[in-house]
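Report on one structure; see the data block that follows.
There are 2 protein chains.
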Amino acid sequence: MVMRGEGATSGLLTDLYELTMAAGYVQKHMDALATFELFVRQLPAQRNYLVAAGLEQTLEFLERVRFSSDEIAYLRGLPTFQHVGKEFFDYLADFRFSGDVWAIPEGTIFFPGEPVLRVTAPIGEAQIVETSLLSTIHFQTLIASKAARVTTAAAGRIVAEFGSRRAHGVEASVLAARAAFIGGCAGTSNTYAGHRFGIPVYGTQAHSWIMAHEDESEAFANFLDVFSGKSTLLVDTYDVHAAVEKIIALGREPGGIRLDSGDVLSDSRWARARLDGAGWHDVQIFASGDLDEHRIAALLRDGAQIDGFGVGTALSTSADAPHLGVIYKLAEITDANGIRMTAKYSEAKKTFPGRKQVSRRSDSRGSYVGDVIALEDERIDAAQPLLVPVMQEGKRLAATSQPSNVHVREAQQRFVAAREHLPQHIVALEPAAEPYPVKYSARLEELSEATRRALVQTTS
Amino acid sequence: MVMRGEGATSGLLTDLYELTMAAGYVQKHMDALATFELFVRQLPAQRNYLVAAGLEQTLEFLERVRFSSDEIAYLRGLPTFQHVGKEFFDYLADFRFSGDVWAIPEGTIFFPGEPVLRVTAPIGEAQIVETSLLSTIHFQTLIASKAARVTTAAAGRIVAEFGSRRAHGVEASVLAARAAFIGGCAGTSNTYAGHRFGIPVYGTQAHSWIMAHEDESEAFANFLDVFSGKSTLLVDTYDVHAAVEKIIALGREPGGIRLDSGDVLSDSRWARARLDGAGWHDVQIFASGDLDEHRIAALLRDGAQIDGFGVGTALSTSADAPHLGVIYKLAEITDANGIRMTAKYSEAKKTFPGRKQVSRRSDSRGSYVGDVIALEDERIDAAQPLLVPVMQEGKRLAATSQPSNVHVREAQQRFVAAREHLPQHIVALEPAAEPYPVKYSARLEELSEATRRALVQTTS
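Chains as they are written, first to last, in numbering that gives the first Met the number 0: chain A, 0 to 459; chain B, 0 to 459.
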């Protein structure tokens with residue numbers, strides 16, 4: 000953990016080129032107002048949709064980002080900045096993010112090309128915050144989108160996020176827990192995330208508890224003593240059948256048992272029968288250990304007797320798709336010469352100009368039937384606009400300032416409700432034969448073509 | 000970014016079950032001294048060796064981990080702890096990590112089964128810190144090991160880590176930069192990592208700088224004005240050839256040009272010839288954009304004219320192997336009854352008992368020929384022991400307390416020197432037909448078998 004105290008809001012948490020560009024804008028007195036849009040270029044092969052997450056941390060960062068005098072001195076000492084005038088360092092000393100931000104709320108389902116976040120700010124400010132915005136939204140969206148699949152596979156059974164130890168560092172473990180909750184998990188093993196975000200926490204004992212006792216029965220009895228009986232006991236340290244028999248022999252009904260290795264399918268069925276035979280119908284069976292959405296779906300399809308799943312590495316690293324093609328592109332710029340639309344037209348990396356809104360259409364039963372990406376001021380009939388204002392002049396708006404525990408719970412509810420409205424082949428674990436329909440409005444296509452023509456004239 | 004100030008050293012940064020087990024040990028007065036060893040179970044298919052990293056942050060955490068009264072109150076309020084007595088909460092209030100730690104230094108090459116870190120501490124302490132230890136060592140080791148491959152592919156050319164925006168959050172971006180430097184990168188785009196760890200920083204401008212100007216030539220000229228000529232200019236926003244011609248027409252020799260998309264192979268060869276034709280032999284050519292070790296190797300094999308590479312997502316997420324099977328296992332326990340050896344014997348998950356040391360043998364030319372994992376007190380002739388003491392009674396030893404910038408630079412030097420001694424087929428990018436030889440000592444095999452027999456007697 001390297002960032003403590005003020006470090007967590009450091010303006011240096013950015014790629015150097017954002018700072019060199021900012022220096023260029025300041026020194027050249029380019030005080031244009033820029034609009035950047037953050038979106039995902041395309042879906043990984045194993046995803047049919049994405050779940051927005053990370054907005055709360057993004058807005059916290061934007062409100063608090065500063066440069067300390069020590070950090071400014073560091074930049075001044077870099078060879079890169081040796082010819083840059085005092086004006087830029089004064090700019091950094093006074094630096095505040097003063098822009099407006101629109102975003103789609105956390106827990107919203109979205110698709111490639113749709114702006115998740117739109118920043119309108121003086122261009123230097125909009126550039127300096129780019130890197131942190133991208134990494135924060137990218138990571139939580141990645142994990143929430145994976146959690147969505149895992150919880151879909153679990154078909155109503157509890158899923159707890161257990162992946163802290165394999166997440167990409169300590170902060171990632173906390174934010175993975177938060178994002179997994181948004182994606183439908185019931186809770187997490189990460190205790191810090193439990194405290195910080197009010198997420199339910201799960202966990203009882205590891206193999207080391209059993210191994211720390213010379214006798215497995217004593218290990219079970221001791222645990223039940225301390226936690227007054229309602230605990231889950233880990234039964235696969237030596238031999239699952241023997242362990243379950245020892246618990247029954249103790250005559251003290253636990254809250255549950257956990258299988259962490261071996262043939263979970265057959266062990267769960269055997270254990271359910273044995274526990275029921277002892278009259279212990281309420282003892283729940285939990286499974287963990289190298290689980291993901293496919294393994295969970297297969298277990299349930301084959302009749303595993305499992306009441307809840309702990310999912311670790313596959314979830315906290317989004318192991319089958321550990322990154323998304325998330326980008327932050329200049330869409331429009333306003334300076335003394337007026338408004339200018341901007342876009343990229345290279346083949347694989349085309350972007351669209353202008354400030355955009357995403358509108359979602361539903362059929363009469365509420366099912367989503369398709370989205371339209373249009374210019375902000377276009378009127379799309381009978382559709383729900385997804386982007387809402389979340390920050391004005393650098394301050395969070397009331398709707399995005401609720402306590403963290405309320406925020407994350409609402410985001411989860413938003414996702415769970417939205418999933419019900421997605422077409423079934425998009426919710427499915429298998430790659431969708433037909434993607435969810437997303438189109439650009441006619442006006443946006445026209446503007447894109449006009450901008451391209453203007454650009455060809457200027458640059459050739 | 001959720002962890003600020005004291006949060007970064009919170010004892011809650013752990014899986015809940017570590018805390019329930021600790022409560023169990025406290026309430027049951029089990030004050031055993033435990034030894035846990037942290038190691039990787041097996042290599043991902045795409046790795047032939049690993050590079051240790053993350054020790055500095057691990058030791059910082061161990062020195063500083065605490066429970067605040069607010070955090071203790073949170074735990075007290077959880078249903079799980081409602082029957083747990085005051086003794087445990089008093090224990091948390093006074094909690095300090097007081098253990099001894101041995102570790103292999105950062106930048107050391109290691110292999111599956113070899114302990115990277117060994118903790119000997121009162122068992123509750125050793126458990127509570129498990130999750131943060133694992134996530135910190137796991138993540139940086141993952142990235143350093145990927146960087147080792149990328150820098151091997153670059154064959155002496157500069158590699159800068161450019162992946163902050165796709166790393167798993169803001170902290171991960173900083174630590175990825177640190178770990179990538181250990182794995183041989185020349186530097187990073189992450190400015191915070193540059194400041195915090197004294198790592199060289201790289202970066203000049205993005206497409207947005209070019210797009211913020213109506214005229215590309217003006218964008219180049221403005222940048223050269225501000226940074227006095229020695230900058231790298233991004234030439235692929237619209238058309239690479241046209242952009243290079245514009246720079247030559249300006250008559251101002253830049254430090255370099257950067258290609259971020261398109262046919263980098265052919266563009267780099269064309270650009271080298273054109274720049275040389277203009278007499279600009281010193282202008283360097285940098286490439287970036289979806290690079291990894293395989294793409295770099297292919298570019299160089301095909302004769303690309305590239306002086307340095309910026310590598311992003313593939314490096315900062317270790318995209319082809321985004322996690323390692325890193326574990327932390329109880330190896331030995333000492334209590335009132337004496338020392339007891341512990342291990343797991345399930346088929347896929349066997350571990351070895353006892354406190355271990357790893358010894359590395361070299362041939363007469365210094366090439367590594369094989370490692371032996373043995374008990375700590377065994378004497379392995381003509382071999383270099385890898386584990387060294389790094390913390391005693393919760394305090395870092397002098398050798399691991401040097402400034403962060405010195406520490407990371409030494410780690411990089413250690414890795415770069417060690418790579419020279421690895422067999423060529425292990426350094427290679429292709430999966431090794433024969434793994435690097437690692438064996439367990441005869442005494443360790445005997446102890447393992449004796450421990451297994453004792454366990455069978457106890458547990459059956």
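No residue lacks a Cβ here, since even glycine has one placed at the ideal position from N, Cα and C.
Just so you know, these numbers come straight off a predicted model, no measurement behind them.
Among the residues of the region 222-242 of chain B, those with a Cβ less than 8 Å away from any Cβ of chain A are Phe222, Asp224, Val225, Phe226, Ser227, Ser230, Asp235, Thr236, Tyr237, Asp238 and Ala241, in the order of the chain. Chain A has no Cβ within less than 7 Å of the Cβ of glutamate 244/B. Residue Leu141/B holds the alpha-carbon nearest to the alpha-carbon of glutamine 41/B among Arg117/B, Leu141/B, Gly393/B and Thr13/B. In this structure, the alpha-carbon of glycine 261/B lies about 16 Å from that of aspartate 291/B.
Not one beta carbon of chain A lies nearer than 7 Å to the beta carbon of threonine 350/B.
In the three-state reduction of the DSSP assignment, glutamate 160/A falls in the strand class, which pools E and B. Listed along chain A, the residues sitting closer than 8 Å to alanine 171/B by beta-carbon distance are Ser134, Phe138, His167, Gly168, Glu170 and Ala171. For lysine 348/A, no beta strand (DSSP E) encloses it, and the DSSP letter there is neither H nor E.
Residue contact check for valine 200/B against chain A: a CB pair falls below 7 Å. Within the model, the alpha-carbon separation for glutamate 55/A versus leucine 37/A is close to 15 Å.
For aspartate 334/A, DSSP records a beta bridge to Gly337/A. For the region 361-403 of chain B, the full-length beta strand (DSSP E) segments reaching 3 residues or more read 367-374, 382-384 and 387-391 along the chain.
Residues Ser188, Ser287, Gly309, Val310 and Gly311 of the same chain have their beta carbon placed closer than 7 Å to that of phenylalanine 161/A, with the five preceding and five following residues left out of the count. Distance from the Cα of tyrosine 48/A is smallest, within the candidate group Leu11/A, Glu129/A, Phe109/A and Gly123/A, for Phe109/A. For phenylalanine 60/B, the enclosing alpha helix (DSSP H) begins and ends at 54-63. Of all residues in the region 420-448 of chain A, none places a beta-carbon less than 9 Å from a beta-carbon of chain B. Where glycine 123/B is concerned, there is no enclosing beta strand (DSSP E), although the alpha helix (DSSP H) around it starts and stops at 122-127. Across the structure, alanine 143/B and aspartate 334/B are spaced so that their CA atoms are roughly 38 Å apart.
Per the coordinates, the alpha-carbon of valine 118/A lies some 16 Å from the alpha-carbon of threonine 350/A. With fewer than 16 neighbouring CB atoms inside 10 Å of its own CB, arginine 300/B falls in the exposed class.
Rounded to whole angstroms, the gap between the alpha carbons of arginine 46/A and isoleucine 425/B is 35 Å. DSSP, reduced to helix, strand and coil, places valine 83/A outside both helices and strands of the structure shown, so it counts as coil.
Using beta-carbon distances, lysine 355/A does not count as an interface residue toward chain B, since no partner is under 7 Å. The contact set of lysine 27/B on chain A, defined by CB atoms closer than 7 Å, consists of Asn221 and Val225 in chain order.
Collapsing the DSSP output to three states places arginine 273/B in a helix.
At a cut-off of 7 Å, the C-beta of threonine 119/B has no neighbouring C-beta in chain A. Per DSSP, glutamine 304/A lies in no alpha helix (DSSP H) and is assigned neither H nor E. For threonine 399/B, not one C-beta of chain A is nearer than 7 Å to its own C-beta.
Residue burial is scored here from C-beta neighbours: glutamine 81/A has fewer than 16 other C-beta atoms within 10 angstroms and is therefore classed as exposed. Residues of the region 69-101 of chain A that bring their beta carbon within less than 9 Å of a beta carbon in chain B comprise Asp69, Glu70, Tyr73, Leu74, Leu77, Pro78, Thr79, Phe80, Gln81, His82, Val83, Gly84 and Phe87, in sequence order.
Inclusion of isoleucine 379/A and alanine 33/A in the CB contact set at 7 Å is not warranted, their separation being larger than that value. Glutamate 124/A is positioned such that its CB atom lies closer than 7 Å to that of glycine 98/A. In this structure, Glu113/A is the residue among Phe88/A, Asn336/A, Glu17/A and Glu113/A with its C-alpha nearest to the C-alpha of lysine 438/A. Chain order gives the chain A residues near threonine 203/B as Tyr16 and Thr19, where near means a beta carbon separation below 7 Å. When the five nearest sequence neighbours on each side are left out, the beta carbons in the same chain lying within less than 8 Å of the beta carbon of glutamate 433/B are those of His424, in order along the chain. Distance check between asparagine 336/A and each of Ala31/A, Met20/A and Tyr16/A places Ala31/A closest, using alpha-carbon atoms only.
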